[in-house]
Amino acid sequence: MKRVKRAEPTLRKALINNCNKELVNCKSECVLNVLNGNIRLTGCKTHKLKKRKSALRKVADRQVPLCAKKRLIVERGAERHSANDRQLNT
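Letter 77 of the sequence shown, counting from 1, is numbered 229 in the numbering used here, and no numbers are missing.
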């Protein structure tokens, strides 16, 4: 996940499009923890996430297919604003 976070946008898009199921599930679990309030966020990060609220909820939903989650992560930038920094540092 650190490699995806630090990659250039074109490389990040290619990594996510070709990633395996475990990475997408890891991302969706991170988003789910943020939505459930298990991870505390600052007011600034919360404000940034409000703009992507519906995309984050779809990524966290178990009934959404894997390909749709990948597309949401790439198109909406859900992985960049989903508090991955917070979880990787703890």
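Ideal Cβ positions, reconstructed from N, Cα and C, are used throughout, including at glycine.
task: Can you tell me the Cβ-Cβ gap for residue 210 and residue 224, rounded? I've got them flagged as a contact below 8 Å.
output: On the sequence shown, position 58 is the one that residue 210 refers to. On the sequence shown, position 72 is the one that residue 224 refers to. Correct: roughly 6 Å between the Cβ atoms.
message: Please give the ranges of any alpha helix (DSSP H) in the region 186–211, keeping only runs that are unbroken, at least 4 residues long and fully inside the region.
response: 195–202
query: Between which two residues does the alpha helix (DSSP H) harbouring residue 156 extend?
result: By one-based count along the sequence shown, residue 156 stands at place 4. Looking at the DSSP string, the run of the alpha helix (DSSP H) that includes residue 156 is 154–158.
- request: For the alpha helix (DSSP H) holding residue 217, just list the boundary residues, first then last.
  value: Stepping through the sequence shown from its first residue, residue 217 is reached at position 65. Counting along the chain, residue 217 falls outside any alpha helix (DSSP H), and DSSP gives it neither H nor E.
- request: Could you spell out where the alpha helix (DSSP H) holding residue 170 opens and where it closes?
  value: Here residue 170 corresponds to residue number 18 of the sequence shown, with the count starting at 1. Counting along the chain, residue 170 falls outside any alpha helix (DSSP H), and DSSP gives it neither H nor E.
field: Same chain, Cβ closer than 7 Å to residue 164, neighbours up to 5 away in sequence not counted
entry: On the sequence shown, position 12 is the one that residue 164 refers to. Hits under 7 Å: 156.
query: With a CB to CB cut of under 6 Å and the five nearest residues on each side skipped, what residues in its chain are close to residue 216?
result: Along the sequence shown, read from residue 1 onward, the residue named residue 216 stands at position 64. So the list reads 210, once near-sequence residues are dropped.
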